[in-house]
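**Q**
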């Protein structure tokens with residue numbers, strides 16, 4: 001099979017966002033943020049390319065290949081991203097999904113979606 005490394009963040013839409021680039025030895029909460037940075041002396045923000053799941057999975061669709069595993073840990077945006085992906089019909093080539101969630105409510109909503 002083929003592998004692809006994409007240097008981008010995943011989200012519900014394509015574009016650009018700010019990524020919190022903090023020290024991973026002190027905090028693992030790296031995430032994408034939208035809007036202007038605050039001036040409160042927080043962690044550094046780095047502009048990054050953002051790709052929708054549809055754009056990411058387009059390679060598999062184009063090559064008529066299967067995605068064996070889709071692993072998502074995008075700090076609470078998983079539900080909206082997957083909901084949009086299912087509605088767009090782009091999950092048909094994905095065999096298995098692993099989602100890291102951070103709340104019981106999100107777990108419940110993810111189970112209902114699947």
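Numbering (full-length UniProt numbering), first residue to last: 1 to 114.
Heads up, the beta-carbon is just placed ideally off N, CA and C, and yes, glycines get one too.
(1) What is the rounded straight-line gap between the Cα of residue 17 and the Cα of residue 10?
(2) If you follow the beta strand (DSSP E) that residue 10 is in, where does it begin and where does it stop?
(3) If you draw a straight line from the alpha carbon of residue 19 to that of residue 7, how long is it in whole angstroms?
(4) With a CB to CB cut of under 6 Å and the five nearest residues on each side skipped, what residues in its chain are close to residue 100?
(5) Using only CA atoms, which one of 57, 3, 64 and 86 lies nearest to residue 112?
(6) Given this structure, state the Cα-to-Cα distance separating residue 70 from residue 22, to the nearest angstrom.
**A** Result, derived from the coordinates:
(1) Residue 17 sits at position 17 when you count from the first residue of the chain shown. Residue 10 sits at position 10 when you count from the first residue of the chain shown. Approximately 10 Å between the Cα atoms of the pair.
(2) One-based indexing of the chain shown puts residue 10 at position 10. Residue 10 -> beta strand (DSSP E) spans 9-11.
(3) The residue given as residue 19 occupies position 19 in the chain shown. The residue given as residue 7 occupies position 7 in the chain shown. Between residue 19 and residue 7, the C-alpha separation is close to 12 Å.
(4) Locating residue 100 in the chain shown gives position 100, counting from the first residue. Within its own chain, the residues whose Cβ lies closer than 6 Å to the Cβ of residue 100, once the five positions on either side in sequence are excluded, are 73, listed in chain order.
(5) For this step, residue 112 is matched to residue 112 along the chain shown. Here the closest residue by C-alpha is 86.
(6) As a first step, residue 70 must be located in the chain shown, where it is residue number 70. As a first step, residue 22 must be located in the chain shown, where it is residue number 22. Approximately 25 Å, taken between the alpha carbons.
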